[in-house]
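Q: Protein sequences appear in the order of chains A and B.
The working numbering puts the first residue of the first sequence at 1, with every later residue one more than the last.
The working numbering puts the first residue of the second sequence at 1, with every later residue one more than the last.
Using N, Cα and C, we set each Cβ at its ideal position, and we do this for glycine too.
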Amino acid sequence: MKQHYFEERNKESWQQIKTILSAKKKRFDRDFPALYRQLCRDLAIARERCYSSFLIQDLEDLVEKGHQHLYGKKGRNSFGLINYFGREFPALIRQEWRLVLFSHFLFYVPFFLMLVLIQFYPHIAYMVIPEESIMQMEEIYDPASGHFEEQRSAADDIQMLGFYIFNNVGIDFKCFAGGILGGIGSIFFIFYNGLIIGAVAGHVTALGFTETFWSFVSGHSALELTAAVFSGACGMKMGFALINPGNLTRLLALKKAAATGVKMLYGTAFMTFTAAFIEAFWSSNTHIPNSTKYIFGITFWVLVLLYFAFAGRGYEPEQN
Amino acid sequence: MAATDTIYEVETPEGIMLHMRVAGLTVRASAYLIDFCIRWSVNICVLIVVEAIFGDAGVGLSLIFLFLNEWFYPVLFEVFKNGVTPGKRTFKLRVVSGDGTPIGWQASIIRNFLLVVDFLPLFYGFGIVSALLDKRFRRLGDLAADTIVVYEKETSKTSLPNVEAEHPGIDLNINEQRALIAFGERHMMLSKSRKVELAEILDEVHDQKNEEAVLKVQGYSLALAGKGRDS
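Here's what the structure looks like:
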């Protein structure tokens, strides 16, 4: 068959595909799969019969767009968010419990080591944190400094909220990303954070600023620290897949692990995001009595623990 | 394809090979630079405006904006604009999944968050090394997300010229026929003198010069495409 007749014969169905593809609102057309398969056949025929390269190229373009249209849209679950936070996120954390536990060790071992050691050897704090930062810390948590007398302005609260989101959620993301280097980036971030936070806590405790410091951090600690530790686990998931890919090629193992890791990261980032609000508006509020803050903080720890222990039990996270 | 070619082939479930031209380092870096400039000009504008309106609270609000812009600027464009950020649009680039389909949230977040590692240890060191080592110029983020950056296809509108169809009167093999049809289809793209030059190669067949030669050869292309008989 000459090329011209071939084109004439199939013009209509190609035009139909073009119309579907160029429609403003991408709805799924029932006829599309059949039309698309016909198009694939046409392209194969055109190639086999050595029709002109322009016709073939036109058909190729159309096939490529059709391919994207047909296979691109992954089915979207309308209950995505509820399902994610109700079942998938905690189930994923439990599924990766080894990494999560390891990440906790990485964080809390240096944390408590610093906290305890500094009570006996206060100079250690100066080995870990720069002196300027220590001075700042002392200024912030010194009960005598005066800023605990009056309530911080709402504008300052929002300013701090912005800073916490920018900084803390950003650290989660970096901690995850750093994992691709065989997990080293995540390990470093988690360990380093444990060390610094432990040293700060140890130092202000040793100075006797316990009331101001611990009442401030108690409210957001459960979400913020747990999320920081989780972000390390997300990153290590990716990095360790490169080191120990199992039966897969390293590349495929990395791809799968990255998908799991980023799914864990969504919830983790949300935890840090929530913690930023608590830290900005609740923790800094000087009208709330310290006892209330402690109870609130402990309640959050219990809730976090219960959530990750029991939410979505029996749910099998989708394998990538 | 030759091993030195940058064309990447994906086989679809229908058994059709899709050809994609993978984009190299320089053009991607240029696209990134444009995105970078856009991002920071927007950042600075927002910083100035929001701070002027809201004062201290504005610093917080613009920090939140900075955060979103920093991490989600490429993600939002790639997800909602089908793999194209403004910078990529400038150079006609597009991010697609390894199987040629558009990328979704997950892949886009992975590839863009990992940019901070590609940046290490110094000015995109890991990203550059990874892209240079990989056949498809994938940086670390692309490897983990299974994505590639490809050139957009340029769609060329072709049509046959409106002349009298005439069979050349000699036997032509398939490649010769294709070359002649292509000559006809390219009548809008070729310059006049180039058309004459090409058409005169066949003067043994048609024995014409100048414009007449072009018309003759275009007539052959019509006949070979099978257009002559029905008009």
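Smallest Cα separation from methionine 135 of chain A: which of A:Gly267, A:Val204, A:Phe273 and A:Arg30?
A: A:Val204
Q: How many angstroms separate the CA atom of leucine 242 of chain A from the CA atom of serine 291 of chain A?
A: 47 angstroms
Q: By Cβ distance, which residues of its chain are closer than 6 angstroms to glutamate 60 of chain A, with the 5 residues on each side in sequence left out?
A: If you ignore the 5 residues before and after glutamate 60 of chain A, its C-beta comes within less than 6 angstroms of no other C-beta in its own chain.
Q: When you compare the CB positions of leucine 195 of chain A and proline 110 of chain A, do they come within less than 8 angstroms of one another, or not?
A: yes
Q: Taking a contact to mean a Cβ-Cβ separation below 8 angstroms, would you say valine 79 of chain B touches arginine 94 of chain B in this structure?
A: No; because the gap between Cβ atoms is not below 8 angstroms, this pair is not in contact.
Q: Who are the neighbours of leucine 122 of chain B on chain A, taking C-beta pairs under 9 angstroms?
A: Per Cβ cutoff of 9 angstroms: no residues; leucine 122 of chain B is ~14 angstroms from chain A at best.
Q: Give, in chain order, every residue of the stretch 49 to 60 of chain B whose Cβ lies closer than 9 angstroms to some Cβ of chain A.
A: Phe54, Gly55, Asp56, Ala57, Gly58, Val59 and Gly60
Q: Closest to serine 193 of chain B by C-alpha separation, out of B:Lys209, B:Ala179 and B:Arg178, would be which residue?
A: Distances from the alpha-carbon of serine 193 of chain B to those of B:Lys209, B:Ala179 and B:Arg178 put B:Lys209 closest.
Q: Using a Cβ cut-off of 7 angstroms, pull out every chain B residue sitting near lysine 11 of chain A, in sequence order please.
A: In chain order: nothing, as chain B lies at least about 13 angstroms away.
Q: Let me know the secondary structure DSSP gives glutamate 14 of chain B once reduced to three states.
A: coil
Q: Quick one: grab the DSSP three-state call for arginine 30 of chain A.
A: coil
Q: Decide if proline 13 of chain B is buried, meaning its Cβ has at least 16 other Cβ atoms within 10 Å, or exposed.
A: By the Cβ neighbour-count rule, proline 13 of chain B is exposed, with fewer than 16 other Cβ atoms within 10 Å of its own.
Q: In chain order, what are the residue ranges of uninterrupted beta strand (DSSP E) at least 3 long that sit wholly in the stretch 8 to 67 of chain B?
A: 17 to 21
Q: Give the residues of chain A in contact with isoleucine 44 of chain B, contact being defined as C-beta atoms less than 9 angstroms apart.
A: The premise fails here: isoleucine 44 of chain B is roughly 16 angstroms from chain A at the closest Cβ pair, so nothing lies under 9 angstroms.
Q: Tell me which residues of the stretch 22 to 45 of chain B have at least one Cβ-Cβ distance to chain A shorter than 7 angstroms, keeping chain order.
A: none
Q: Under 8 angstroms between C-beta atoms, does arginine 30 of chain A make it to chain B?
A: no
Q: Sort A:Phe188, A:Met137, A:Val217 and A:Met264 by Cα distance to glutamine 319 of chain A and report the nearest one.
A: Residue nearest to glutamine 319 of chain A within the set A:Phe188, A:Met137, A:Val217 and A:Met264 is A:Met264 (criterion: CA-CA distance).
Q: Beta-carbon of isoleucine 67 of chain A versus every beta-carbon of chain B: anything under 8 angstroms?
A: Going by the sequence as given, residue 67 of chain A is histidine instead of isoleucine. Histidine 67 of chain A counts as touching chain B.
Q: Taking Cβ-Cβ distances below 7 angstroms as the criterion, which residues of the stretch 92 to 122 of chain B are in contact with chain A?
A: Gly100, Thr101, Pro102, Gly104, Gln106, Ile109, Ile110, Phe113, Leu114, Val116 and Val117
Q: Can you give me the C-alpha to C-alpha distance between glutamate 154 of chain B and aspartate 99 of chain B, rounded to a whole angstrom?
A: 20 angstroms
Q: Please check the pair phenylalanine 189 of chain A and cysteine 175 of chain A, which I expect to be a contact at CB under 8 angstroms, by giving their CB distance rounded to whole angstroms.
A: 4 angstroms
Q: Leaving out five residues on either side along the sequence, give the residues of the same chain with a beta carbon under 6 angstroms from the beta carbon of glutamate 200 of chain B.
A: If we look at glutamate 200 of chain B and ignore the five residues flanking it on each side, its Cβ neighbours are Ala213.
Q: Assign alanine 52 of chain B to one of two classes, buried (16 or more other C-beta atoms within 10 Å of its C-beta) or exposed (fewer than that).
A: The residue in question, alanine 52 of chain B, is exposed, as its Cβ has fewer than 16 Cβ neighbours within 10 Å.
Q: Just confirm the distance between the C-beta atoms of phenylalanine 107 of chain A and alanine 228 of chain A, as a whole number of angstroms; I'd bet it's less than 8 angstroms.
A: A Cβ-Cβ distance of about 7 angstroms is found for the pair phenylalanine 107 of chain A and alanine 228 of chain A, placing them in contact under the 8 angstroms criterion.
Q: Within 8 angstroms (strictly less), CB to CB, does glycine 170 of chain A reach chain B?
A: yes
Q: Helix, strand or coil for isoleucine 134 of chain A? Go by DSSP, reduced to three states.
A: DSSP, reduced to helix, strand and coil, places isoleucine 134 of chain A within a helical segment of the structure shown.
Q: Just the C-alpha distance for glutamate 64 of chain A and glutamate 132 of chain A, rounded to the nearest angstrom, thanks.
A: 59 angstroms
Q: Expressed to the nearest angstrom, what Euclidean distance is found between the alpha-carbon atoms of serine 78 of chain A and glycine 235 of chain A?
A: Bear in mind that the predicted position of serine 78 of chain A carries a pLDDT of just 49, short of 50, making it unreliable; the figure below should be weighed with that in mind. The straight-line gap from Cα to Cα measures roughly 28 angstroms.
Q: Let me confirm a value: glutamate 138 of chain B is counted as buried when at least 16 other C-beta atoms fall within 10 Å, else exposed. Which label applies?
A: One detail in the question is off: residue 138 of chain B reads as arginine in this sequence, not glutamate. Classification of arginine 138 of chain B: buried, given that the 10 Å Cβ count is 16 or more.
Q: Kindly indicate the opening and closing residues of the alpha helix (DSSP H) around valine 196 of chain B.
A: Unbroken alpha helix (DSSP H) run through valine 196 of chain B: 192 to 200.
Q: For glycine 185 of chain A, is the classification buried or exposed, using 16 other Cβ atoms within 10 angstroms of its Cβ as the cut-off for buried?
A: Sixteen is the threshold: when 16 or more other Cβ atoms of the shown chains lie within 10 Å of the Cβ of glycine 185 of chain A, as they do, the residue is buried.
Q: Cβ-heavy atom distance between alanine 23 of chain A and the ligand FMN below 7 angstroms?
A: The ligand content of the structure shown is nil, which means the ligand FMN is not present either.
Q: So, does the CB of threonine 19 of chain A fall closer than 8 angstroms to a CB anywhere in chain B?
A: no
Q: Using a C-beta cutoff of 8 angstroms, does proline 264 of chain A count as contacting chain B?
A: In the sequence as presented, proline is not what sits at residue 264 of chain A; that position holds methionine. Not one chain B Cβ lies under 8 angstroms of methionine 264 of chain A.
Q: If methionine 160 of chain A and serine 22 of chain A are in contact, beta carbons under 8 angstroms, what's the gap, nearest whole angstrom?
A: 49 angstroms between Cβ atoms; not a contact.
Q: Taking a contact to mean a Cβ-Cβ separation below 8 angstroms, would you say aspartate 117 of chain B touches isoleucine 180 of chain A in this structure?
A: Strictly speaking, residue 117 of chain B in this sequence is valine, with aspartate absent from that position. Contact flag set, yes.
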